[in-house]
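These protein sequence lines map, in sequence, to chains A and B.
151 is the number that the numbering used here gives the last residue of the first sequence; the numbers go up by one with no jumps.
117 is the number that the numbering used here gives the last residue of the second sequence; the numbers go up by one with no jumps.
What follows is one structure encoded as structure tokens, with my remarks underneath.
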Amino acid sequence: EPEVTQTPSHQVTQMGQEVILRCVPISNHLYFYWYRQILGQKVEFLVSFYNNEISEKSEIFDDQFSVERPDGSNFTLKIRSTKLEDSAMYFCASRDSNEKLFFGSGTQLSVL
Amino acid sequence: KQEVTQIPAALSVPEGENLVLNCSFTDSAIYNLQWFRQDPGKGLTSLLLIQSSQREQTSGRLNASLDKSSGRSTLYIAASQPGDSATYLCAGGGSQGNLIFGKGTKLSVKP
Chain A
40 EPEVTQTPSH
50 QVTQMGQEVI
60 LRCVPISNHL
70 YFYWYRQILG
80 QKVEFLVSFY
90 NNEISEKSEI
100 FDDQFSVERP
110 DGSNFTLKIR
120 STKLEDSAMY
130 FCASRDSNEK
140 LFFGSGTQLS
150 VL
Chain B
7 KQEVTQIPAA
17 LSVPEGENLV
27 LNCSFTDSAI
37 YNLQWFRQDP
47 GKGLTSLLLI
57 QSSQREQTSG
67 RLNASLDKSS
77 GRSTLYIAAS
87 QPGDSATYLC
97 AGGGSQGNLI
107 FGKGTKLSVK
117 P
């Protein structure tokens, strides 16, 4: 069964460093998303991406964040200068034609 | 701004019991309502999606209902099994797929 894959599963970085989280959405899906979940808190929407551009973003998705689809398969989230409060599990998702979202297993980001 | 609330926060039941998880949302103009399952340290698995024009959806032992006028959705699990133990998340969706999640109900089914 097709699935959304995310790499790495864990990422440890120093405050102020740039990180890139990678995702391979399901191949025939057209909408892609990033969500995050801080430990013990709700899953939060960050950004949606369609037709090679951002279709919607939340207040969390400020100038430190960017997304890119560099080729036909990968979808990346870049955090330019990480802060302690960016520590969270980051989930990538893609949407099928029935509007159901499929999530990857996440990247646990730890900012020290 | 959409807010999604789930009660109870945690629930423990003996195996075989039927149970109901509750979800409420503040903005009735949701595009759809989705229920997910989250296992510890894992991603989210979609269980059921109810479009705004629908009242319920069923999959196996799971049945989800949606009442937009009252801002409520329920997830009914029949004949619960230990393998059902997980956190169940409710999410209200916009037309672009941006979901607003509740905090979840942590279910424990005891053998």
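Every residue, glycine too, gets a C-beta built ideally from N, C-alpha and C.
As the structure is a computational prediction, the values presented were derived from the model and not from experiment.
Asked                                                                                                                                           : Found
Just verifying my parser: in three-state terms, what is the DSSP assignment at residue 99 of chain B?                                           : strand
Using beta carbons (cut-off 7 Å, strictly below), is residue 117 of chain A in contact with chain B?                                            : no
Using DSSP's beta-bridge definition, name the partner residues of residue 92 of chain A.                                                        : A:89
Express the C-alpha separation of residue 46 of chain A and residue 84 of chain B in angstroms, rounding to a whole number.                     : 36 Å
Apart from the five residues just before and just after residue 33 of chain B, which ones in its own chain have a Cβ nearer than 6 Å to its Cβ? : 8
Using a Cβ-Cβ cutoff of 7 Å, what residues of the segment 76 to 110 of chain A are near chain B? List them in chain order.                      : 81, 82, 84, 87, 94, 95
Rounded to whole angstroms, what's the CA-CA distance from residue 109 of chain B to residue 145 of chain A? Just pull it up for me.            : 18 Å
Buried or exposed: where does residue 41 of chain A fall if 16 or more other Cβ atoms within 10 Å of its Cβ makes it buried?                    : exposed
Measure the CB-CB distance between residue 40 of chain B and residue 50 of chain B and report whether it falls below 7 Å.                       : no
Using the C-alpha atoms, what's the distance from residue 88 of chain B back to residue 25 of chain B?                                          : 13 Å
Between the alpha carbons of residue 119 of chain A and residue 85 of chain A, how many angstroms are there, rounded?                           : 15 Å
Report yes or no: is there a C-beta of chain B within less than 7 Å of the C-beta of residue 144 of chain A?                                    : yes
Quick check: what's the CA-CA separation for residue 48 of chain B versus residue 74 of chain A?                                                : 14 Å
Should residue 150 of chain A and residue 121 of chain A be called a contact, given that it needs their Cβ atoms to be closer than 7 Å?         : yes
Where does the unbroken beta strand (DSSP E) through residue 130 of chain A begin, and where does it stop?                                      : 127 to 134
Identify the contact partners of residue 124 of chain A in chain B, using a Cβ-Cβ distance below 7 Å as the criterion.                          : Those within 7 Å of residue 124 of chain A in chain B number zero; the least Cβ separation is about 19 Å.
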